[in-house]
Structures are given as C-alpha cells and as structure tokens.
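Student: Protein chains in written order, with my numbering: chain A, 1055 to 1206; chain B, 53 to 337.
Glycine is no exception: its CB is placed at the ideal position from the N, C-alpha and C atoms.
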C-alpha cells in the first residue's frame, strides 16, 4: 500500500535534481524513490519475523549492548503497543517501573520503563512514526542522553 | 578520508561555512557488483576525538531510503516543515553529538545499485550491511575505534538486531573489533506476525474505528479470511487518516482522489452492514 499521506514531494524533487546528484556523487541515471518496493518491481524482499525476535533475545542474553526501543505514540503503523507486546515475549525483567519523563520546560515527554539486560523502552508523546521529524527536541534529548549513558 | 566523496556544496549550503564535513558516494561489496550509497556526516564535536560516537542510521521499509533520515529527520540540513522547498539548518541535528553514517540498504534502495535483481531477505541484508560497514572502516580507518551505535526506525527494527548479531560474530572471530556499544530503534518492526493485531487494537483504542467494530477474528487467527475482511473494513474506514501520525495532516496526490466515489460506496456498504453503529460512525467522522 505504499506510504499513504506522507508528504515527500520536496525531498523527491531535491534528490532528483541533477545538480544535487552531482554534489552527492551519485549515479545521475538513478531516479530516487522513497521506497523501492513500491516503485521497482524488480526489488523483492522476504521477511522472517521469528528470526528477528530470536536474534533480539540473543543480543539481550549477551548483556553487552545498550538497547533503546522508542515509539512515537501517535503512530498507528507500528504502534507502541506492538513494541510492548514484543517486550513481553522477551526474557527480560522490569527493573524500573513505568514512569513519565520530562523535557522542554518540564513538559511531559512521554513514558519510560527500564528492563534488565541494558534494555529501555520509551514513548514519545504526540510523535508519529518518524519521531525525529515530528519532535526534534525530544528525539535529540533521548539520543544524547542515551549516548552519554544518562537518565531521562 | 575519501576526498573524492567530499560534498562541497549541498544547495543552498556551502559546506565551507560549517565546522564539519559531509561525504557522499558509494561503498561496494567486493564479491558482487552491488554498491551502496552512503552519506557520512562528521560530528560538530572534535573530529579527532575517538570517543565521539559513530551512529549508523538505517530507515526501514524494507526497501526505503535512508535519505529520509538524512534530509527529514536527524541530519544537519532538513526540510523543517512538510511543504518546505529548501533545506534549513537543523538545530537538533544528531551530529551535534555523534558522527552519522546514513546507508541506503539493501542495494536497489535509493541511489544504491542492485544489478543482480536478487530477492533480499533479513539475513542476507545483515550480511551485506556488515560488509559495507567493513568497507566504510577501510575507507575511513580513523573512525574504527569510535564507539559504534546502530540506529534507525520502522523495518530497521529487523535490520539493526541482525546487523548487531553479525558484528558480534565478526568480533568473536577477528582481532580488529568493531566497537559496538548499542542500538536505538524507533517504532521498530520486531514481529510482522502480530503487527496487524496491534494496529487494529491501537485504532480501536484511539477511536479511529467505531466502538463496536469487532476485531476478534484477527485476535483468533490473523491469517484467516475473516481477519482479512476485518482488515479491509478497517483500511476503508481509516483511509483518510495519516497512519504514520494519526493527528497529522494526510497529503494526497490529485490522482489518489479518483477513487473517491468507490470509497464512499464502501463506507456506505460498511455502515449498512453495521447499521446499528451508523450514528456513532457519523459522529466520529
């Protein structure tokens, strides 16, 4: 069904401008599309859902990597409840109860829950699928705090 | 550094006006003809500091271009508003805190080349992404020691864990390790099997579907024909709502409105079937 309702005319026009292609050193004969699956019939992809969950569990078991799963809570394509459902299937324990966090003059940024094995879940209040586009301030805040290993 | 890939001008910005550089070009896998377009954005922090993280960003799909991440989401120059025709400086660019590597993957996506027309899967994409990352390090060895983070959204929920797993296995075998620290996944697809049910539950919870709309067929069996019917009805009803941002604007092309009459007919049929809900549906509409 493609990516309904999303405005991409500007980026499509920009990236298909021949001069921009030259500046980016890309093949000028390639027409840029947002998603190949919708525009290029030769592009085919087969997904393996059980494999992804298995690998996610494997990574958690190593207990080596910090993993942040965040969801804009106004997205109905990959809703935050779907991530919650995945979290319930993973073998992790809750280490910090569901709580609000605050950004931008102490306003509610969303909610977060801590898990064992360096895993954290965060919602971003009012943001859609493209969180950094919908709420630049909160997205950068979460990103920076995570890189620095600091709480939010 | 790959001088030939240095971006000197990104309309309307002259890169000499900034304290960081952007590189754009191709990274190739040696054992195939596939080449992957990448954009590497240096951090605004000290470029010589090996403690500055390197973030590999992947948009989802599968098959969607990471240029969305670069020019709409986390890059230094973005279309700030939906209707903007020119790029603006992004005050909240993630390169304020890290180097950013945008990769168009798998090949055949965005500006990347896929001359083989192969069918991709999650495992193969992960293998290719590891090879491309190694190619990046061979071209930009000064970033090999920097802490690496994998980030992305949507179907990158599948791409990222699998790439992380490949990196772990590579590190277990090789002396020269990739300094992977962590990953950040936004609205990530972790399991396509239960995603349709989550979508329906979410739509009901947010009153995008009528209160009495019955999704039990999908809760029982997501692959059943009854569930297909439920999904179709839900699709018809929510067709004018931006699914990616339910409170946001829904943009349509002129030609997408040609099916207006068909849509209205479907809505009427739906309301006839569920006529006890007509009033509620109308109110919500």
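What first and last residue would you give for the beta strand (DSSP E) that runs through residue 209 (chain B)?
Tutor: Per DSSP, residue 209 (chain B) belongs to no beta strand (DSSP E); it is in the alpha helix (DSSP H), 208-225.
Student: Just by C-beta distance, which residues in the segment 1103-1132 of chain A are closer than 7 angstroms to chain B?
Tutor: Here the close residues are 1103, 1105, 1106, 1107, 1109, 1110, 1112, 1113, 1116, 1119, 1120, 1121, 1122, 1123, 1124, 1125, 1126, 1128, 1129, 1130, 1131, 1132.
Student: Identify the continuous alpha helix (DSSP H) that holds residue 268 (chain B) and give its terminal residues.
Tutor: Residue 268 (chain B) -> alpha helix (DSSP H) spans 268-272.
Student: What's the C-alpha gap between residue 171 (chain B) and residue 125 (chain B)?
Tutor: If I take the Cα positions, the gap works out to 29 angstroms.
Student: Just by C-beta distance, which residues in the segment 210-226 of chain B are closer than 7 angstroms to chain A?
Tutor: Going along the segment 210-226 of chain B in chain order, one finds 210, 213, 214, 216, 217, 220 with a Cβ nearer than 7 angstroms to chain A.
Student: Determine the burial state of residue 112 (chain B): buried for a count of at least 16 other Cβ atoms within 10 Å of its Cβ, exposed for fewer.
Tutor: Residue 112 (chain B) comes out buried.
Student: Residues in the segment 1146-1174 of chain A with C-beta within 7 angstroms of chain B's C-beta atoms, listed in sequence order?
Tutor: Listed by position along the chain: nothing, the set is empty.
Student: Pairs of beta-carbons, one from the segment 252-267 of chain B and one from the segment 1150-1159 of chain A, closer than 8 angstroms: are there three or more?
Tutor: Output reads no: the segment 1150-1159 of chain A does not touch the segment 252-267 of chain B.
Student: Would you say residue 1179 (chain A) faces chain B, with C-beta separation under 9 angstroms as the test?
Tutor: Not closer than 9 angstroms to any Cβ of chain B, the Cβ of residue 1179 (chain A) fails to qualify, so no.
Student: Is DSSP giving residue 1206 (chain A) helix, strand or coil here?
Tutor: Coil, per DSSP.
Student: Is DSSP giving residue 1126 (chain A) helix, strand or coil here?
Tutor: Strand, per DSSP.
Student: Tell me, please, whether the CB atom of residue 192 (chain B) is closer than 9 angstroms to any CB atom in chain A?
Tutor: Output row for residue 192 (chain B): interface = no.
Student: Just checking, does the segment 1171-1184 of chain A make contact with the segment 193-201 of chain B on the three C-beta pairs under 8 angstroms criterion?
Tutor: Contact fails: fewer than three Cβ-Cβ distances are below 8 angstroms.
Student: Can you find a C-beta in chain B that's less than 9 angstroms from the C-beta of residue 1072 (chain A)?
Tutor: Not closer than 9 angstroms to any Cβ of chain B, the Cβ of residue 1072 (chain A) fails to qualify, so no.
Student: Against chain B, does residue 1205 (chain A) count as a neighbour if the rule is that its beta carbon must be under 9 angstroms from one of theirs?
Tutor: It does not; no Cβ of chain B falls within 9 angstroms.
Student: Tell me which same chain residues have a C-beta within less than 7 angstroms of the C-beta of residue 1185 (chain A), skipping the five on either side of it?
Tutor: The residues are 1124, 1126, 1178, 1193.
Student: Note down, in chain order, all residues in the segment 1076-1093 of chain A with a beta-carbon under 7 angstroms from any beta-carbon belonging to chain B.
Tutor: Going along the segment 1076-1093 of chain A in chain order, one finds 1077, 1078, 1079, 1080, 1081, 1084, 1086, 1088, 1089, 1090, 1091 with a Cβ nearer than 7 angstroms to chain B.
Student: Do we get a CB-CB distance below 9 angstroms when we pair residue 299 (chain B) with the residues of chain A?
Tutor: With 9 angstroms as the cut-off, residue 299 (chain B) counts as an interface residue toward chain A.
Student: Between residue 204 (chain B) and residue 220 (chain B), what straight-line distance do the alpha-carbon atoms span, to the nearest angstrom?
Tutor: Roughly 19 angstroms separates the two Cα atoms.
Student: Spatial neighbours of residue 1088 (chain A) within its chain, please: CB distance less than 6 angstroms, with the 5 preceding and 5 following residues excluded, ordered by chain position.
Tutor: Once the five neighbours on either side are set aside, the close Cβ partners of residue 1088 (chain A) are 1062.
Student: If you pair each beta-carbon of the segment 173-186 of chain B with each one of the segment 1073-1083 of chain A, do three or more pairs fall below 8 angstroms?
Tutor: The answer is no - the segment 1073-1083 of chain A does not touch the segment 173-186 of chain B, with fewer than three Cβ pairs under 8 angstroms.
Student: One question on the structure: do residue 227 (chain B) and residue 248 (chain B) come within less than 9 angstroms of each other, judged by their Cβ atoms?
Tutor: Contact: no.
Student: Which one of A:1188, A:1201, A:1202, A:1204 has the shortest CA to CA distance from residue 296 (chain B)?
Tutor: Ranking A:1188, A:1201, A:1202, A:1204 by Cα distance to residue 296 (chain B) puts A:1188 first.
Student: Quick check on this structure: which residue in B:116, B:239, B:90 has the alpha carbon closest to the alpha carbon of residue 77 (chain B)?
Tutor: Answer by Cα proximity: B:90.
Student: Helix, strand or coil for residue 258 (chain B)? Go by DSSP, reduced to three states.
Tutor: Reduced to three states, the DSSP call for residue 258 (chain B) is coil.
Student: Using a Cβ cut-off of 9 angstroms (strictly closer), state whether residue 291 (chain B) contacts chain A.
Tutor: By this cut-off, residue 291 (chain B) is an interface position.
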